[in-house]
Every structure is written in C-alpha cells, then in structure tokens.
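Enquirer: Sequences listed follow chains Z and A, in order.
With our numbering applied, the first sequence corresponds to residues -14 to 238, in that order.
With our numbering applied, the second sequence corresponds to residues 115 to 494, in that order.
The beta carbon of each residue, even a glycine, is placed where N, CA and C say it ideally should be.
Note that the structure is a prediction, hence the values are computed from the model and not measured.
After the structure tokens below, expect a handful of questions from me.
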Amino acid sequence: MPTPVQTPASDSRGQSPAVGVACRGVEKEFGSGETRTRVLHGIDVDIGCGALTLLVGPSGCGKTTLISIIAGLLDPTAGDVTLFGTPQSRLRGNRLVDFRARNVGFVFQQYNLLPSLTAAENVAVPLLVARQPRKRAIERAGGVLEAVGLGSRLKAFPNQLSGGQQQRVAIARALVHEPRLLVCDEPTAALDSQSGQTVMDLLKSVAVHPDRTVIVVTHDSRVLQFGDRLLEMADGRIVHDTIPRPSIPLSSP
Amino acid sequence: MNWVAWKMLNGDTAKYLGAVFGVAFGVLLITQQASIFVGLMSRTANPLRDVREASVWVTDRHQQNADEIEPISDGALYRIRGVEGMDWAVRLYKGVARGRRPDGIFRQVILLGVDDHTFVGAPRTILMGDLADLRRPSAVFIDKAGHESLWPGEPLRLGREIEMNERRAVIVGICETSAPFQSFPVVVATYSQATQFIARERKQLSFVVGAPVAGVTPAEACRRIKAATGFEALTYDQFVWQTINYYMANTGIPVNFGITIVLGFIVGAAIAGQTFYLFTLENLRHFGALKAMGVNNRRLIGMVLLQAAIIGAVGYSLGVGMAVSFFEVTGRVLPDLRGINIPWQVAVGTAGVVIAIITVASLMSLRRVLLLEPAVVFRG
C-alpha cells in the first residue's frame, strides 16, 4: 500500500492540526466493459483542519471526482474516505445524507442560488434542511450575511447581486450551519480579479477555524497564494503536495 | 422545505401560469362538456321527470323511450287501479302538437295532459295565473321559455292565443318546467282538453301514473301490474333511465361529448405535464444542490408533489370557476342552456382527472429528480 500523503507536520504554532479528511486507496471508475475509465488511481491523502487546501490540476485530472467522493456525493469504486473520524463506508442512504447535511458545506462555481429566494432566504436553506423554523433560520442567515459583508443586501434577489456578491451569499449559505468540511468548486472561476480576491480572502478567514477543513478546487493560478497547502493532481493521482509561496496578487494585471 | 418548493414554483411565473392554465383549460373543457352531456341526457325524460309524485309509470310494453309513445286504451286506467297494492293511478298524456300564433308563426310544442281532477303532472312552479284555471274551456299553461320562444322579446302575458289542431287554446298561466331535450315549448292542459288538441286516434292514453299503498314498494307494484295487465310498468327511476339509456345507446351524443372530454384530458395533461416537466428540468441543478445539501429523496418527492398539487388545485379551482361562470351567464342569456349546471359527480370526476394529470406530470418529473446524481452540481 502506498504511503499516504500526510497533512503538513505542524502549523505555524508548532502544533499538529487534526485530520479532517483521510482518503485511503480511493479509486473511481466510470462506465463498464470497453468504455470503463479509471478516473482516480488509489488516492491516499490526509487533509488537516484549520487550513485552506487547494486542489489543482488540468481539466479531466480527477479533481471534481475526488471532492465529490470526499463530500459524500459519489461512492468510490474502491477505498474509503474518513471524515472527522467517521468512515463514509459505514454511512449509507439517509444516514449519509444526514451526515452530509450536518458536516459539509458546498460552494459551487455557478453559485446555484435559488433565483426566487432572497439572499437571506437562500442562506437559510441548509437550516431549513435541518428542520429549523423558517423565521429563526432567516434571522440566523442574516447574521452570517452580515459577517460576509452583505448585511445591506439581505432582501436582494440573486439577479440583483453581482457575481462576487452572489458567491459570497453562496459561501454564507455553505457556512450557516457551521459545517466542519467546506468544499468549494472553482469559486473564483466566474469572477473578476477584485471579486475573486474578496472571495478568497473570505475563504481564507473561514479556514482558520481549528475544527474546519476547507478544500478549494481550482485551476485559477491567481488564487494559489491563498492556499496553506497545494495538492496538485494529474491523471487521477496526487503528484505534488506543497506549501505554496506567495505569488502575484490576484488583483495585479 | 415545502416553503422552498412553493417559492421555487412561484418564482417561475411563466411556467407556473402555463401549467396552471393547462390544468384549468382541461378542467374547463371536461367540466363544461361533461355537464352539458349530463344535462342533455337528463333532459331526455323532461318534462315528464317533473312528475315526481308518481312512483309507478305504466305504458305500452314495447315502449323504448319517453318520446316514442304507443298509446294504450283508456280502459287500462281501471285495470291498473284494480291491481292489488296500488293506492292511486291517473291518466297522463304526452304528445307533440303544432302551436300556431294568430299571425301564422308556429312552433312544434310538447303537449302534456294532466289528470283533470287531481292535476297530477301539473307544473309546480307557476309564474303567472292559477292552476285551477286549467279547467276553463280551451285553457292551457305554457312554460316561460316556450312563451319567449313563441313571442320573442315580448313580456309575459296571459290571454294570448295559439291554435293547435285547428282548435283555439288560451294561455291562462305561465309556468317553469324542466327544459326538454328538443327545446320545444311545453304546453300543459287537462287530459281531456289535451286530447282535443291532437289528431284523433283510437287509443290516446300515453301513461298511467300512480303510486302504491304504504308497505308496497314501487318495484313490487310494477311487478304486479306487469303480471296482471301485460303493460310495461316502471318505477320513476327506471322510467327516467329507460329514456336516458335509449339516447345513450342510439345516438352519437355520448361519443361526441366523450371525444371532447378525452381531448380536454389530453390537452390539459400535455400542456400541464410538459410545462411542469420543463420547470423541473430547468430546476434540476437546484434540486441537485439541495440533494448535495442533504435533502433526501423523500423530501424531494414531497417538494415535487407539493408543487404539482398546487398547480392542480389552482388549475382545478380556476377551471371549475370558469365553468360555473359559463353556466351562470349562458343560463340567463340562452334559454336552451337553462338548468344545466355542474353535477357534483362531474366535479368529483374532474378532480380525479386532475389528480391523474398531475400524477403523470409528477412522475415524469420525479423520475429525473430521483435519478439525479447530486455530484452533478460540480459539473458547472
């Protein structure tokens, strides 16, 4: 069995961060017979809490498949993913759905905000999924929107917000139920540099939480400076695991 | 999540209204056509079905419906009165005559001859005149719609005259009757007077109507009459349904209305189903996002069914409302459509059709939602 790619040995305070996500021998195949394609080849990696982990690589290298498996949206063909000490293989059906609802937050490239809900209502959705009363959920959502700098746009509909604002609403939605794992898929791909920087600053601040793991999938080289850890994938494997150096600021030409 | 489902539906106004319109249009078509069909069929036995006091109807044994009458001899009345278990029995005439105004304008009329003494079979709703005046020479009542048909645009007035079989008839009363199938005016006279208004035949008695004594059911009385006299004897319901069934079996009316009703279902289902399906397709990524966020299939099914139920309920209410308005307006403006309303059975049946439509629409949509992989949200 190959040696797992370990989480960085220590943080800036010299303490070992807790492991949020542990992948062991994760493989994924799609199709069957002659059309069978292996997308992931035995991924072994530990991803710690309290840090922003970037997952990068060219299109088709398996990034999206890997985060889908980590988030519990796809079943691996082989191997297992352990989230905060709970192996996903032990969770099936509604138990997995409930586990995901409590522990995972999602930020999508296309925001996926419901157009007929206001910003506050959109943010409240995960709380409604958790069966919280609507009024209380929307109040709580307002507080989170305040925290991401959108306190004045609570009643705005998505089509009244800029792309950057919509993504911040999406981040607020992903955080409102205080998940331990935040999975972000190309969060800056549809944004201009300024908005992208704002979003990444926000994610960076979110990742500081010692019990939270934040994984950002990106192929936007401008955001690499925000990562505490860089996992580079190619052909279904993690080929490099590094701590990125500060690079060109996102807002620079 | 029901609230989210409602907001999703309400937020896409065009599709929401499109699906509601589809259901409402289908409901309007089905309700309106089914009600007219039921109304027409129930009219086939009019105006005789107004004679509700008679629970036993006796006529020629070969009669198939209330419009093709083979008269029986007047002596039949006494034979039937003599059947054990009969409380009373009287004569009733129904025929068709030609009613001609003094200026020559004429219309075919339905002529009812009610018992001279008891007035069994006489109209119950008298708008003008006194029923006792029927005993005056040449006296007749005419129904309101018939008056309006013979003297269109003129106010209701007693004393007008018509000629039937070259005999003068004086209108001494105006009444309401159940609208007849043929839309002819209904003229009511005493039996002895009515038989003067038609060409003389050897036998003239259309029906003997009566009721059994307490303790003998109409069905039992009919059985005894058949056995004793050989005449056809029917209960009130059997008599009404005999004519309805005749028209159902021997005319193209059920097929024609049936085709329209089926078209209403198909069009309603197609518009509502397709629109709702498109609505679901366009929201698939949102459903995917909700799935990723932890909404399980049971709750998603609940959301989709709620959306479909809202469309069904609003569409049904609108469709039935439009149909009710249609009958309200046409019942006042078009005398031929008076008295046609929406029977509760049609309303309930249409609700069943709507449930079928939204079930089909939901199943099509649910299939896509349930098969949706939540990981689709990461595919841009």
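What residue range does the alpha helix (DSSP H) around Pro368 of chain A cover?
Expert: The count along the second sequence starts at 1 and reaches residue 368 of chain A at position 254. It spans Ile367 to Glu396 - the alpha helix (DSSP H) in which Pro368 of chain A sits, taken as one unbroken run.
Enquirer: State the Cα-Cα distance for the pair Thr(-12) of chain Z and Pro164 of chain Z, rounded to the nearest angstrom.
Expert: Translated into the one-based positions of the first sequence, residue -12 of chain Z becomes position 3. Translated into the one-based positions of the first sequence, residue 164 of chain Z becomes position 179. Confidence at Thr(-12) of chain Z is low in this model, with a pLDDT of 48, below 50, so its placement is unreliable and the value that follows should be read with caution. Each residue's alpha carbon lies about 29 Å from the other.
Enquirer: I'd like to check one pair, Gly227 of chain A with Thr304 of chain A: are the Cβ atoms closer than 8 Å?
Expert: As a working note, residue 304 of chain A is residue 190 in the second sequence. As a working note, residue 227 of chain A is residue 113 in the second sequence. Against a cut-off of 8 Å, the Cβ pair of Gly227 of chain A and Thr304 of chain A comes out as a contact.
Enquirer: Taking all protein chains shown into account, do 16 or more other C-beta atoms lie within 10 angstroms of the C-beta of Phe353 of chain A, making it buried, or fewer, making it exposed?
Expert: Taking the second sequence and counting its residues from 1, one reaches residue 353 of chain A at position 239. Per the 10 Å Cβ criterion, buried.
Enquirer: For the segment 397 to 419 of chain A, which residues have a beta carbon sitting closer than 9 Å to at least one beta carbon of chain Z?
Expert: Answer set for the segment 397 to 419 of chain A: Asn397, Arg399, His400, Gly402, Ala403, Leu404, Lys405, Ala406, Met407, Gly408, Val409, Asn410, Asn411, Arg412 and Arg413.
Enquirer: Since Leu142 of chain A contacts Thr374 of chain A with CB under 8 Å, what's their CB separation in whole angstroms?
Expert: The residue given as residue 142 of chain A occupies position 28 in the second sequence. The residue given as residue 374 of chain A occupies position 260 in the second sequence. In fact, because the Cβ distance is near 11 Å, the residues do not count as touching under 8 Å.
Enquirer: What residues of chain Z sit near Gly125 of chain A, judged by a beta carbon separation below 8 Å?
Expert: As a working note, residue 125 of chain A is residue 11 in the second sequence. Chain Z residues near Gly125 of chain A: Leu99, Pro100, Ser101 and Leu102.
Enquirer: Could you tell me the distance, in whole angstroms, from the CA atom of Ala236 of chain A to the CA atom of Glu167 of chain A?
Expert: The residue given as residue 236 of chain A occupies position 122 in the second sequence. The residue given as residue 167 of chain A occupies position 53 in the second sequence. Roughly 10 Å separates the two Cα atoms.
Enquirer: Does DSSP classify Asn124 of chain A as helix, strand or coil?
Expert: Here residue 124 of chain A is taken as the residue at index 10 of the second sequence, counted from 1. In this structure, Asn124 of chain A counts as helix in the three-state DSSP scheme.
Enquirer: Nearest chain Z C-beta to Phe393 of chain A closer than 8 Å, yes or no?
Expert: Position 279 of the second sequence, counted from the start, is the residue given in the question as residue 393 of chain A. No, no contact with chain Z.
Enquirer: Expressed to the nearest angstrom, what Euclidean distance is found between the alpha-carbon atoms of Asp230 of chain A and Gly429 of chain A?
Expert: For the purposes of this step, residue 230 of chain A is taken as the residue at position 116 of the second sequence. For the purposes of this step, residue 429 of chain A is taken as the residue at position 315 of the second sequence. About 53 Å.
Enquirer: Give me whichever residues DSSP pairs with Asn179 of chain A in a beta bridge.
Expert: Along the second sequence, one-based indexing puts residue 179 of chain A at 65. Beta-bridge pairing links Asn179 of chain A to A:Glu182.
Enquirer: Please confirm whether Ala489 of chain A has its beta-carbon closer than 8 Å to some beta-carbon of chain Z.
Expert: Within the second sequence, residue 489 of chain A is the residue found at index 375, counting from 1. Output row for Ala489 of chain A: interface = yes.
Enquirer: So, does the segment 183 to 202 of chain Z touch the segment 144 to 153 of chain Z, judging by three or more C-beta pairs under 8 Å?
Expert: Output reads yes: the segment 144 to 153 of chain Z touches the segment 183 to 202 of chain Z.
Enquirer: Hey, out of A:Arg250, A:Val467, A:Thr349 and A:Asp201, whose CA is closest to Arg163 of chain A's CA?
Expert: Here residue 163 of chain A refers to the residue found at position 49 of the second sequence. If we check each option's Cα against that of Arg163 of chain A, A:Thr349 comes out closest.
Enquirer: Do we get a CB-CB distance below 8 Å when we pair Val474 of chain A with the residues of chain Z?
Expert: The count along the second sequence starts at 1 and reaches residue 474 of chain A at position 360. It does not: the Cβ of Val474 of chain A has no partner Cβ on chain Z nearer than 8 Å.
Enquirer: List the endpoints of the continuous beta strand (DSSP E) containing Val286 of chain A.
Expert: Residue numbering aside, residue 286 of chain A sits at position 172 when the second sequence is read from its first letter. That run of the beta strand (DSSP E) goes Arg281 to Glu290.
Enquirer: Any idea what DSSP makes of Lys140 of chain Z, helix, strand or coil?
Expert: One-based indexing of the first sequence puts residue 140 of chain Z at position 155. Reduced to three states, the DSSP call for Lys140 of chain Z is coil.
Enquirer: What did DSSP end up calling Ala168 of chain A once you bin it into helix, strand or coil?
Expert: Along the second sequence, read from residue 1 onward, the residue named residue 168 of chain A stands at position 54. Reduced to three states, the DSSP call for Ala168 of chain A is coil.
Enquirer: Can you pull the DSSP bridge partners for Arg9 of chain Z?
Expert: Sequence index remark: in the first sequence, residue 9 of chain Z carries index 24 (1-based). Looking at the DSSP assignment, Arg9 of chain Z forms a beta bridge with Z:Asp65.
Enquirer: Can you check the segment 40 to 99 of chain Z for any alpha helix (DSSP H) of at least 4 residues that lies completely inside it and give the ranges in chain order?
Expert: Counting whole runs of 4 or more residues, the segment 40 to 99 of chain Z contains the alpha helix (DSSP H) stretches 48 to 55 and 79 to 88.
Enquirer: Do we get a CB-CB distance below 8 Å when we pair Val118 of chain A with the residues of chain Z?
Expert: As a working mapping, residue 118 of chain A is identified with position 4 in the second sequence. Chain Z contact via Cβ: present.
Enquirer: Taking only beta-carbon positions, decide if Asn79 of chain Z is within less than 8 Å of chain A.
Expert: Position 94 of the first sequence, counting from 1, holds the residue named residue 79 of chain Z. With 8 Å as the cut-off, Asn79 of chain Z counts as an interface residue toward chain A.
Enquirer: I want to see whether chain Z comes within less than 8 Å of Phe295 of chain A, judged by CB atoms only; does it?
Expert: Within the second sequence, numbered from 1, the residue matching residue 295 of chain A stands at position 181. Not one chain Z Cβ lies under 8 Å of Phe295 of chain A.
Enquirer: Taking the alpha carbon of Thr309 of chain A as the point to measure from, which residue in A:Pro294, A:Met362, A:Ala283 and A:Leu451 has its own alpha carbon closest?
Expert: Taking the second sequence and counting its residues from 1, one reaches residue 309 of chain A at position 195. Among A:Pro294, A:Met362, A:Ala283 and A:Leu451, the Cα nearest to that of Thr309 of chain A belongs to A:Ala283.
Enquirer: Who are the Cβ neighbours of Val118 of chain A in its own chain at under 6 Å, not counting the five residues just before and after it?
Expert: For this step, residue 118 of chain A is matched to residue 4 along the second sequence. Excluding residues within five positions, none has a Cβ falling inside 6 Å.
Enquirer: In this structure, does DSSP put Arg193 of chain A in helix, strand or coil?
Expert: Numbered from 1 along the second sequence, position 79 holds the residue referred to as residue 193 of chain A. Note: Arg193 of chain A maps to helix in three-state DSSP.
Enquirer: Nearest to Ala133 of chain A by CA position, among A:Ile424, A:Arg482, A:Trp355 and A:Gly402, is which residue?
Expert: Your numbering for residue 133 of chain A matches position 19 in the second sequence. Nearest option by C-alpha distance: A:Ile424.
Enquirer: With 16 as the cutoff for other CB atoms within 10 Å, does Gln222 of chain A come out buried or exposed?
Expert: Position 108 of the second sequence, counted from the start, is the residue given in the question as residue 222 of chain A. With fewer than 16 Cβ atoms within 10 Å of its Cβ, Gln222 of chain A is classed as exposed.
Enquirer: Report yes or no: is there a C-beta of chain Z within less than 8 Å of the C-beta of Phe492 of chain A?
Expert: On the second sequence, residue 492 of chain A is found 378 positions in, with the first residue counted as 1. So yes, Phe492 of chain A belongs to the interface.
Enquirer: Whose CA, out of Z:Phe15, Z:Gly18, Z:Glu14 and Z:Gly27, lies closest to the CA of Ala7 of chain Z?
Expert: Residue 7 of chain Z sits at position 22 when you count from the first residue of the first sequence. The option with the nearest alpha carbon to Ala7 of chain Z is Z:Gly27.
Enquirer: Going by DSSP, what residue range makes up the alpha helix (DSSP H) through Gln310 of chain A?
Expert: Sequence index remark: in the second sequence, residue 310 of chain A carries index 196 (1-based). Taken as a continuous stretch (DSSP letters only), Gln310 of chain A belongs to no alpha helix (DSSP H), as it is neither H nor E.
Enquirer: Should Asn124 of chain A go down as buried or exposed, given a rule of 16 or more other Cβ atoms within 10 Å for buried?
Expert: As a working mapping, residue 124 of chain A is identified with position 10 in the second sequence. Counting Cβ neighbours within 10 Å, Asn124 of chain A comes out exposed, since fewer than 16 surround it.
Enquirer: Measure how close the beta-carbons of Arg214 of chain Z and Ala36 of chain Z come, nearest whole angstrom, since I'm counting them as under 8 Å.
Expert: For the purposes of this step, residue 214 of chain Z is taken as the residue at position 229 of the first sequence. For the purposes of this step, residue 36 of chain Z is taken as the residue at position 51 of the first sequence. At roughly 6 Å, the Cβ-Cβ gap stays under 8 Å, so Arg214 of chain Z and Ala36 of chain Z are in contact.
Enquirer: Over the uninterrupted beta strand (DSSP E) stretch that includes Pro326 of chain A, give me the two end residues.
Expert: As a first step, residue 326 of chain A must be located in the second sequence, where it is residue number 212. Unbroken beta strand (DSSP E) run through Pro326 of chain A: Phe321 to Pro326.
Enquirer: Name the chain A residues whose beta carbon is nearer than 8 Å to that of Ile52 of chain Z?
Expert: Position 67 of the first sequence, counted from the first residue, corresponds to residue 52 of chain Z. By Cβ distance, chain A contributes Phe492.
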